[in-house]
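Colleague:
Residue numbers (my numbering): 47 to 147.
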């Protein structure tokens with residue numbers, strides 16, 4: 047028998063979760079090697095531009111930024127559109143044969 051938790055059950059448990067619940071789950075499942083996010087007592091559920099929203103629906107100005115969000119902010123429309131176009135384009139790599147692009 048396995049002790050693994052089904053993903054759909056895990057998601058159902060977290061639908062209406064708050065910061066405390068998310069952080070408890072993080073402590074339970076995440077490796078101790080990655081302890082730096084636990085120093086920030088927030089469970090971020092949404093990020094747009096310079097704003098972060100936590101599981102308690104409070105907004106914060108993202109003063110930490112990140113290498114990927116520093117210039118344009120979180121979920122910039124141009125970046126999302128570029129990612130979407132790549133994802134929906136034809137397959138880029140199949141069985142070690144490169145496509146013409």
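Beta carbons are placed, not taken as given, at the ideal position from N, Cα and C, and that holds for glycine.
1) Comparing C-alpha positions only, which one of 89, 74 and 95 sits nearest to residue 126?
2) Between the Cα of residue 106 and those of 117, 112 and 93, spot the shortest distance and give me the residue it belongs to.
3) Any idea what DSSP makes of residue 99, helix, strand or coil?
4) Rounded to whole angstroms, what's the CA-CA distance from residue 122 to residue 72? Just pull it up for me.
5) So, residue 70 versus residue 88, is the Cβ gap smaller than 9 Å?
6) Using only the alpha-carbon positions, how far apart do residue 47 and residue 90 sit?
Modeller: Inspection of the coordinates gives the following:
1) On the chain shown, residue 126 is found 80 positions in, with the first residue counted as 1. Of the listed residues, the one whose Cα sits closest to residue 126 is 95.
2) For the purposes of this step, residue 106 is taken as the residue at position 60 of the chain shown. Considering only alpha carbons, the answer is 93.
3) Taking the chain shown and counting its residues from 1, one reaches residue 99 at position 53. DSSP places residue 99 in strand when its eight states are reduced to three.
4) The count along the chain shown starts at 1 and reaches residue 122 at position 76. The count along the chain shown starts at 1 and reaches residue 72 at position 26. Residue 122 and residue 72: Cα-Cα distance of roughly 27 Å.
5) On the chain shown, residue 70 is found 24 positions in, with the first residue counted as 1. On the chain shown, residue 88 is found 42 positions in, with the first residue counted as 1. In this structure, residue 88 does not lie closer than 9 Å to residue 70 by Cβ.
6) Taking the first residue of the chain shown as 1, we reach residue 47 at position 1. Taking the first residue of the chain shown as 1, we reach residue 90 at position 44. With a pLDDT of only 48 at residue 47, under the threshold of 50, the placement of this residue in the model should not be trusted, and no figure is reported.
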